[in-house]
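I have placed the structure first, in the form of structure tokens, so that the comments after it can refer back to it.
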Amino acid sequence: MLFKNKISKLLVMGILLISLLVGCSSGGKGETSSSDINGNGNNGPKEINTDELIYVNFRDIRDLNPHIYGGELFAQNLLFEGLVMITDEGIQPWLAKDWDISDDGRTYTFHIRQGVTFSDGHKFDAHAVEANMQAVYDNYDRHGWLESIRLLDSFSAIDEYTFEMKLKEPYYPLLTELAVTRPFRFISPNCFINGTTKDGVDGLIGTGKYVLTENHIDQYAIFDVNPTYWGEKPEISRIIAKVIPDNQIRALALEKGEIDIIFGTNMIDAETYLEFSQKEGFAASLSNPLATRMLIMNSTDEILSDVNVRQAINAAINKEEISEGIFNGLETPANRLLARTVPYCDVDLEDYIYSLDKANSLLEEAGWKMNETTGIREKDGMPLDVQMHYNADSVTEKTISEYLQGEMMEIGLKLTITGEEEQSYRDRMKAGDFSITFNISWGTPYDPHSFLGGMRMPAVYGDYAAQQGLKEVKKLHDTILKAFISTDEIQRQAYYDYILTYLHEEAIYVPLTFERNRAIYNEKVKNVTFNPSQYEVPLDKMYIK
Amino acid sequence: MGKYIIKRILIVLPMMLAVSFIAFVLINLIPAEPAEVALRVNDIIPTEEAIEGMREELGLNKPYFQRYFDWLRNVLRLDFGNSYVNKNRTVIGEISRSLPATLELATVSLFIVIFVSIPIGVLCAVFKDSIFDRIVRLLIFIGTAMPNYWIGILLIWLFAVKLEVLPTGGNKEEGAIILPAIALSLTYISTYVRLIRNNMLENMTENYVFYAKVRGLKERKIILKHVLRNSLQSSITALGMSVVQLVSGTVVIENIFSWPGVGRLCISSIFNRDYPVIQAYILMMGILFIFCNLIVDIIHHKLDPRLHEVM
Amino acid sequence: MIKKLMRDKIALITLIIILSTMLIGIFAEEIAPNDPNKTSITQKYAQRSQEFPLGTDHLGRCILSRLIYGIRPTIFLSMFTMLCTIILGTIVGVTAGYTRGIVDEAIMRIVDVMLSFPSQVMILAVVGMMGVGIRNVIIASIAIKWAWYARMIRSSVIKYNDRNYILYSKAIGASKGFIITRHMLPNILSEVIVLATLDMGWVILSISTLSFLGLGVQAPTAEWGAMLSEAKNVITSHPKQMLAPGFAILILVSSFNMLGDSLRDVLDPKEV
Chain A
1 MLFKNKISKL LVMGILLISL LVGCSSGGKG ETSSSDINGN GNNGPKEINT DELIYVNFRD
61 IRDLNPHIYG GELFAQNLLF EGLVMITDEG IQPWLAKDWD ISDDGRTYTF HIRQGVTFSD
121 GHKFDAHAVE ANMQAVYDNY DRHGWLESIR LLDSFSAIDE YTFEMKLKEP YYPLLTELAV
181 TRPFRFISPN CFINGTTKDG VDGLIGTGKY VLTENHIDQY AIFDVNPTYW GEKPEISRII
241 AKVIPDNQIR ALALEKGEID IIFGTNMIDA ETYLEFSQKE GFAASLSNPL ATRMLIMNST
301 DEILSDVNVR QAINAAINKE EISEGIFNGL ETPANRLLAR TVPYCDVDLE DYIYSLDKAN
361 SLLEEAGWKM NETTGIREKD GMPLDVQMHY NADSVTEKTI SEYLQGEMME IGLKLTITGE
421 EEQSYRDRMK AGDFSITFNI SWGTPYDPHS FLGGMRMPAV YGDYAAQQGL KEVKKLHDTI
481 LKAFISTDEI QRQAYYDYIL TYLHEEAIYV PLTFERNRAI YNEKVKNVTF NPSQYEVPLD
541 KMYIK
Chain R
1 MGKYIIKRIL IVLPMMLAVS FIAFVLINLI PAEPAEVALR VNDIIPTEEA IEGMREELGL
61 NKPYFQRYFD WLRNVLRLDF GNSYVNKNRT VIGEISRSLP ATLELATVSL FIVIFVSIPI
121 GVLCAVFKDS IFDRIVRLLI FIGTAMPNYW IGILLIWLFA VKLEVLPTGG NKEEGAIILP
181 AIALSLTYIS TYVRLIRNNM LENMTENYVF YAKVRGLKER KIILKHVLRN SLQSSITALG
241 MSVVQLVSGT VVIENIFSWP GVGRLCISSI FNRDYPVIQA YILMMGILFI FCNLIVDIIH
301 HKLDPRLHEV M
Chain W
1 MIKKLMRDKI ALITLIIILS TMLIGIFAEE IAPNDPNKTS ITQKYAQRSQ EFPLGTDHLG
61 RCILSRLIYG IRPTIFLSMF TMLCTIILGT IVGVTAGYTR GIVDEAIMRI VDVMLSFPSQ
121 VMILAVVGMM GVGIRNVIIA SIAIKWAWYA RMIRSSVIKY NDRNYILYSK AIGASKGFII
181 TRHMLPNILS EVIVLATLDM GWVILSISTL SFLGLGVQAP TAEWGAMLSE AKNVITSHPK
241 QMLAPGFAIL ILVSSFNMLG DSLRDVLDPK EV
């Protein structure tokens, strides 16, 4: 009995002691780690720190190797620069101070900016460009969406500051593809593994305005201004990119002042935007329309292979209501695949106007008769039941799906909706294993060429698979390529006319809204702007006051 | 006694083997081809050759049991291979990176559980059927019936948004651990208050308490010295088991509070189909469970002489 | 036993709550004021009104109707899960307990292994590997729970095996099936019911947790956990949305827990 009691006493004491020790050590750890980032998110009155901006992302920055696609774009943009950049005024010089294009449109000669070094001191010159280009080319298979890699004939450094690229065919969007965040950005050759970047990199050294100082996986990353930056240095000397996966918690953190800005379409839903745009001490910004949010229908599907059914669905969707009801007017209704403002897309097309009568009569015409007891149309005993998949991680897609499900019942179409996590959802799209699903155009500056170019490639998105049931699919895909390699503006426009008209008439896409980029932020953050690409976050242009 | 411990330890080995086999077998429940998944998560077009190449790389074309033993051999060297998603990160690296945060959270929660449930449980037993006891019992019922994710959200809403006293999440701010630890511990507090209360009441009806009373000892002394001690013994074994429950139960809480632990790693691996990470997570939890079981059993055995005869 | 239970006020109240919830669920079509999946986006986040007694959600759907329809997946899927678990557990447990010997040994080792995974981990693992969806959640829940029942039922079978009336039945040559169904099961059943009642709360919580994480019931099916998950998406702008489904889960689960407790008190008077 005595022995037993002693042991139990010891045990209780032991547990208490261990818990105490751990409790103390964890408390101590908390203090040290909070002190090294200035503890801006702490309680009490805050002094405005004008040197530091706390940005937030929904996941870790992951692998920032600029030549592959596994990292967060905002972070890659801070570290790595390209030869040219896209601005609202078009293509502008960046690491190339200017360039020449041969008359046949096949040879591009870049004059490299002098006096630029990577942040590890390695000189940036034409040889560094060549090494990076080679590294990208080594991973040819990964760049399936990128026409410029497929059309690339040769490239080389002519001299220290001249770099030349030769194409097999003229390809007008080349400069745009060189400007977008990946893969044509430059990392110090010192970071290459086995002379290339295909198998990873052992450092993240670029020429950009910021350098990555610390990364605590899944917690936060710290970017400090690059002391040796060749151009004008940004106002904010330190950017802390926190990771907060949950939508609402992010909004709460902004409200509490733990973070300064939330940026991006996927990060802010319409309700939150509305709330913060009215909240005192906060501001909200909205970009111009960027990309088209749409549905894509699989033309090889048993039911959807009939163009009448596809047109009926197009006519049965009330885009105004989606725009107002779901997006609070943040996104404007879209009646065409690509907005008229997109290059080459100012083509006259007859809009599908919301009309349930039209939709019903199209379905009647296609032989789908209403079964009054179930409220679902039938043909040869088969009900009009269509599967729709959506990305369960996206709040808006889920809402739209549920909304559409209700709406489609009005025309006797049963929409069975299934949400899947992002990875399987994307796999399903690429494999073409869907009837209806969501799709989005790539947005400026990728539109129209990357979006249309992607249609020609299996396994980029779902477009290729969905178009396989179209009669003129081969002609469509050939014409897309012809438009790219055409050097004659009028001819090129004619090709685009055909592509856009054909896609519109076949109605395999249901444009829903034009997506706009958005940001909500603490009002101390100034100059919140949007780059042409929705994937870039112009953190370098912001300042705090 | 020593015999029992040896026997008990010997059982652990086949158990671990079986657990490892289940963790391995689970991969085969996947409706898709793992090689294809590994390609797709890296945006590589899964052509026939690419799949074949990846099967080769992952060793999927070997016979089933050979694959298991290869895997097991690597696992014994703590080599779980590399993550599918971040190919340059090892699985063991990912887990050892996130485990400390989870352990920290679980320990603080355990601390809270012990320090809250023991006094409340004792008070409830001493003042059985008083208003205090009734209120606590009601709260306990609510505590066990509330989904802990709801508790988490309510806590965030109350303390972080309305009162602005604590951060919403993350683990670098001061006091960030408080809310998740409370959210995690509430369910267990309910369980243990109930357990301790019942143990105490049961012990109070035992003969020795009666004898002590007869001998004229003060009631408070009896409670503190004998009843509490005896009740705690049985509670401790239960507490030991809940260590694993706490570690594995952090999944939801970690996701709500952006706590960078293994639970969040597990969920993101599920969403990204990072099978090697899921596999390692399952195995780790299974083995942790077995060992906690073992320790608890041995302690239990030492504490309770009645068990000696049975064995 | 039932008489005793009726005297317990708490048990009676909880029983009434559970039964009436189930009835409401069964007659959802008649009781619910609106179609639970009927969206009217222009009326989203409406306040309480004659038409929508509890207001509307982000798609303008009637929250009360969704709560009522949500009873079906919440209670009935959980009950289905428990039923499958009990059946499986009973078959395995009785087999092991009655045959003993090597079969028993083998079964119990499997049970031990199954029990050596924490439940939440196992569910996540199965859902993670087999994919998201309510079917897999149910399979996973059964997969982890059956072992508990098998173990418990086995020990009961062994306990009762030595009772006099069973020894007597054996002596007069009653068949195994007769002994099991007429003598063993009724005895074991009462213990199983207590455990199952207590576990119902656990199953409801676990299904709703997975739906909350987006791994369980899929839209637009109204399920309380999924409703809470939707409410969580607007916690800053419309915090009231999380009250109705939250309280619904709370009341139902605590009813099951209290009922289970009372049942145990009635069956096992020694327990305080």
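Chains as they are written, first to last, in the UniProt record's numbering: chain A, 1 to 545; chain R, 1 to 311; chain W, 1 to 272.
Beta carbons are placed, not taken as given, at the ideal position from N, Cα and C, and that holds for glycine.
Cβ distance (whole Å) where residue i is taken to contact residue j below 8 Å
i                     : j                     : result
residue 435 (chain A) : residue 298 (chain A) : 5 Å
residue 412 (chain A) : residue 375 (chain A) : 6 Å
residue 237 (chain A) : residue 516 (chain A) : Between residue 516 (chain A) and residue 237 (chain A) the Cβ distance is about 30 Å, and since that is not below 8 Å, they are no contact.
residue 227 (chain R) : residue 203 (chain R) : 5 Å
residue 71 (chain A)  : residue 61 (chain A)  : 6 Å
residue 166 (chain A) : residue 106 (chain A) : 6 Å
Where residue i meets chain W, residues with beta-carbon distance less than 9 Å
i                     : result
residue 447 (chain A) : Residues of chain W passing the Cβ test: none, with the nearest at roughly 28 Å.
Interface partners of residue i on chain A, CB under 7 Å
i                     : result
residue 39 (chain W)  : 402, 403, 406
residue 44 (chain W)  : 325
residue 218 (chain W) : 418, 419
residue 132 (chain W) : 420, 421
residue 271 (chain R) : 421, 422, 423
Amino acids of chain A, ordered along the chain, whose beta-carbon sits closer than 8 Å to that of residue i
i                     : result
residue 59 (chain W)  : 399, 402, 403, 406
residue 214 (chain W) : 392, 393, 419, 421
Partner residues on chain R for residue i, Cβ-Cβ distance less than 8 Å
i                     : result
residue 254 (chain W) : 141, 142, 144, 145
Counterpart residues of residue i in DSSP-defined beta bridges
i                     : result
residue 216 (chain A) : A:220
residue 290 (chain R) : According to DSSP, residue 290 (chain R) bridges with nothing at all.
residue 154 (chain A) : A:166
residue 201 (chain A) : A:192
residue 519 (chain A) : A:263, A:285
residue 108 (chain A) : A:101, A:165
residue 245 (chain R) : BP columns for residue 245 (chain R) are empty, so no partner.
residue 469 (chain A) : Paired residues: none, contrary to the question.
Within chain W, partners of residue i - CB distance below 7 Å
i                     : result
residue 248 (chain A) : 232, 233, 235, 236
Amino acids of chain W, ordered along the chain, whose beta-carbon sits closer than 8 Å to that of residue i
i                     : result
residue 225 (chain A) : By Cβ distance, chain W contributes nothing, its closest Cβ being about 33 Å from residue 225 (chain A), past 8 Å.
residue 233 (chain R) : Those within 8 Å of residue 233 (chain R) in chain W number zero; the least Cβ separation is about 18 Å.
residue 289 (chain R) : 116, 117, 118
Under 7 Å by beta carbon: chain R residues contacting residue i
i                     : result
residue 63 (chain A)  : 86, 88
residue 112 (chain W) : 15
Interface flag, residue i vs chain B, CB-CB below 8 Å
i                     : result
residue 272 (chain A) : The displayed structure is made up of protein chains A, R and W, and chain B is not among them.
Three or more C-beta pairs under 8 Å: does that hold for the stretch 480 to 488 of chain A against the stretch 171 to 180 of chain A? The stretch 480 to 488 of chain A is in contact with the stretch 171 to 180 of chain A.
Taking only runs that begin and end inside the stretch 241 to 272 of chain A, name each unbroken beta strand (DSSP E) of 3 or more residues, in chain order. If only complete runs of 3 or more residues are kept, the stretch 241 to 272 of chain A shows the beta strand (DSSP E) at 261 to 263, in order along the chain.
Whole runs of the alpha helix (DSSP H) within the stretch 284 to 348 of chain A, excluding any shorter than 4 residues: 307 to 316
Does the count of Cβ pairs from the stretch 108 to 119 of chain W and the stretch 143 to 152 of chain W closer than 8 Å reach three? The stretch 108 to 119 of chain W and the stretch 143 to 152 of chain W touch, with no fewer than 3 CB-CB distances between them shorter than 8 Å.
Contiguous alpha helix (DSSP H) assignments of at least 4 residues, all confined to the stretch 29 to 84 of chain R: 34 to 40, 48 to 58, 64 to 76
Mind the definition here: the stretch 23 to 30 of chain W touches the stretch 272 to 284 of chain R only if three or more C-beta pairs lie below 8 Å; say whether that holds. no
Would you mind listing the beta strand (DSSP E) stretches within the stretch 99 to 128 of chain W that are 3+ residues and don't spill past its ends, in chain order? none
Are at least three pairs of beta-carbons, each pair with one atom in the stretch 73 to 93 of chain W and one in the stretch 115 to 128 of chain W, less than 8 Å apart? no
Given 8 Å as the limit, is there contact between the stretch 360 to 370 of chain A and the stretch 420 to 437 of chain A, that is, 3 or more CB pairs closer than that? The answer is no - the stretch 420 to 437 of chain A does not touch the stretch 360 to 370 of chain A, with fewer than three Cβ pairs under 8 Å.
Tell me, please, whether the stretch 460 to 471 of chain A touches the stretch 262 to 269 of chain A by the rule of three or more beta-carbon pairs shorter than 8 Å. No, the stretch 460 to 471 of chain A is not in contact with the stretch 262 to 269 of chain A.
Are at least three pairs of beta-carbons, each pair with one atom in the stretch 69 to 79 of chain R and one in the stretch 234 to 249 of chain R, less than 8 Å apart? no
Mind the definition here: the stretch 328 to 335 of chain A touches the stretch 503 to 513 of chain A only if three or more C-beta pairs lie below 8 Å; say whether that holds. yes
The stretch 257 to 265 of chain W in contact with the stretch 197 to 210 of chain W per 3-pair CB rule at 8 Å: Enough Cβ pairs lie closer than 8 Å, so yes.
Which residue spans inside the stretch 404 to 437 of chain A form an unbroken beta strand (DSSP E) run of at least 3? 414 to 420
Using 8 Å as the threshold, is the stretch 91 to 100 of chain R in touch with the stretch 251 to 270 of chain R, meaning 3 or more CB pairs across them? yes
Every unbroken alpha helix (DSSP H) within the stretch 434 to 463 of chain A, with a cutoff of 4 residues, ordered by chain: 449 to 455
Do the stretch 188 to 199 of chain R and the stretch 134 to 153 of chain R touch if we need at least three Cβ pairs shorter than 8 Å? yes
Count the C-beta pairs between the stretch 53 to 68 of chain A and the stretch 210 to 226 of chain A that are closer than 8 Å, then say yes if the count reaches three, no if not. Counting Cβ pairs under 8 Å, three or more are found: they touch.
Quick check: the stretch 173 to 193 of chain W against the stretch 99 to 108 of chain W, are at least 3 beta-carbon pairs closer than 8 Å? no
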